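Position one of the sequence shown corresponds to residue 249 (our numbering), numbered consecutively onward.
Beta carbons: idealized from backbone N, C-alpha and C, even for Gly.
Just so we're clear, the structure is a prediction, and the values are computed from it rather than from any experiment.
Some notes on the structure that comes next.
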Amino acid sequence: MKTKKIFLNVLMLFIFGPSVLAQSAAVSELSTSGVGLTPELAGKLTRIELVKTEKYTVLDQFDMASALTGKDNFSSCYGKNCLIDLGEALEVDFMLSGSIDAFGDKIVVNLKLVDVAGKQIHKTTTNEFQNQPEEASRMIKITLQELLGLPIDEVTKKQLIFNDDVITSTNIGRINNSGPRFGIAVAGGGLSDFLTREEIDGGVDILPGMTNIGYQFEAQYIGTENFSALFEVIPNIGGMEQGQFVPTLSLLNGFRFGKSGWEFAFGPSFGARKVLTGYDNATDGVFYTEDEWFSKDYESWRDTPGNVDSETGNWINNYTAPSKDIYTKRLDTRGDLEFNTNWLMAVGRTFKSGALNIPVNVYYSGNKYGGVIGTSVGFNVTRSEKKINQKTF
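The following block contains the structure:
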């Protein structure tokens with residue numbers, strides 16, 4: 249008889265699999281706050297995920313309701329003793345319960361597995377996730393898998409887990425580090441020639457360098473502990489110490505690396521300039537406007553023997569005006585005012601002392617007419633740290 253019973257057990261295990269010998273479990277309601285889930289719904293989500301693990305024979309809500317008919321009311325049953333009593337009433341081996349609570353920027357999921365027969369808490373697991381209530385099911389799944397020692401999706405967990413930093417992947421902090429900037433720049437190329445050229449020749453007649461003063465508005469749109477991406481707007485005025493007014497506006501995309509504060513930025517700079525079209529005569533070193541060169545060329549042709557009858561003034565040969573291809577443009581105060589663009593690149597480091605930041609940068613800005621290389625220094629105070637993706641409940 250004993251041999252027959254053993255044979256039947258082995259046969260059942262072979263036919264139905266290990267599930268026939270699996271321990272039983274039930275899921276009670278989970279305590280919830282601030283996540284938009286009722287305790288009953290949180291319990292249902294947890295029950296679904298527990299069934300998916302195939303680790304226990306799980307009572308569904310209807311089996312539980314039937315088993316509890318005529319017995320004590322187990323609503324709001326979250327404590328160990330109550331869960332043990334509930335498990336005994338349901339005649340299961342384990343009870344699963346816990347809580348899901350929102351605290352500011354995070355959601356804390358706590359699950360505990362109670363050993364009914366042993367009358368003790370078998371295991372508990374807690375995870376802190378980003379405050380994304382719509383991902384509650386994934387949060388429960390990850391926490392439950394960890395509770396049961398099952399493999400988890402590390403990528404999904406990394407996307408959802410709460411990082412206790414000022415700035416995180418989906419809750420980026422916006423740090424307002426705006427402040428004044430002061431600097432000096434030295435010009436090169438055609439720009440240097442324009443600055444040092446005499447006024448009578450269309451120049452400015454100043455030194456090939458100038459100081460500048462501006463203000464940097466900075467906004468951070470991506471950030472982690474070791475990397476930040478910034479959008480910077482810098483209005484600037486240069487040359488005032490030499491009686492000049494040279495306004496520019498720079499729009500930069502910047503990257504800041506590590507806690508040491510090293511950064512790199514690049515982007516366009518906009519301003520205005522006066523440009524004159526003419527001919528740069530290498531013979532006498534004079535830049536002639538189109539009208540001036542046309543007159544000079546015509547006079548030279550007219551004074552050349554054989555081109556004009558000296559007595560009648562009639563042309564003997566036809567005059568050919570200079571080709572338009574010989575004319576070029578240069579910076580010149582006698583020219584027309586037009587929109588100006590430059591490409592700016594900067595590298596520097598921000599030194600910190602408490603909330604005080606002292607940025608020091610070296611930069612180059614230029615276009616086909618020349619450029620400037622300079623350095624700037626400033627100061628600003630970290631006045632505020634605001635959350636971009638703030639959520640209210």
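Using alpha carbons as the reference points, say which of Ser345, Thr552 and Asp311 lies closest to Leu278. Ser345
Do Leu604 and the ligand MG come close, with the Cβ less than 7 Å from some heavy atom? Summarising the ligand content, the structure contains no ligands, and the ligand MG is consequently not present.
Can you list, in chain order, the residues of its chain with a C-beta nearer than 7 Å to that of Tyr546? Leave out the 5 residues immediately preceding and following it. Tyr567
Report the three-state DSSP secondary structure of Thr459 (helix, strand or coil). strand
With contact counted as at least three CB pairs below 8 Å, one residue from each stretch, are the stretch 596-607 and the stretch 531-540 in contact? no
Would you kindly work out how many angstroms separate the C-alpha atoms of Gly397 and Asp320, rounded to a whole number? 33 Å
Among residues of its own chain, excluding the 5 on either side of Val340, which ones have a beta-carbon nearer than 7 Å to its beta-carbon? Ser272, Ala273, Ala274, Leu307 and Val364
Straight-line Cα distance separating Tyr575 from Arg429: 40 Å
My output table needs one value for Val595: the three-state DSSP class, helix, strand or coil. strand
Could you check what DSSP says for Ile574 in three-state terms: helix, strand or coil? helix
With 16 other CB atoms within 10 Å as the buried threshold, where does Val629 fall? exposed
For the stretch 428-480, list the alpha helix (DSSP H) runs that are entirely contained and at least 4 residues long, ordered along the chain. 438-444
Nonlocal neighbours in the same chain, by C-beta distance under 6 Å from Arg550, ignoring five residues either side: Val556
Could you check the C-alpha separation between Phe322 and Ala603 for me, to the nearest Å? 54 Å
Using the C-alpha atoms, what's the distance from Ala513 back to Leu497? 15 Å
Ordered along the chain, which non-local residues of its own chain (more than five positions away) have a Cβ less than 7 Å from that of Gly457? Ile432, Ala433, Val434 and Ala435
Output the distance between the C-alpha atoms of Lys405 and Trp591, rounded to the nearest integer angstrom. 42 Å
On the criterion of 16 or more Cβ atoms from any shown chain inside 10 Å, does Gln309 qualify as buried, or is it exposed? exposed
Looking at C-beta atoms only, is the number of pairs between the stretch 325-343 and the stretch 377-386 that lie closer than 8 Å three or more? no
Using the beta-carbon count (16 or more within 10 Å), is Asp528 buried or exposed? exposed
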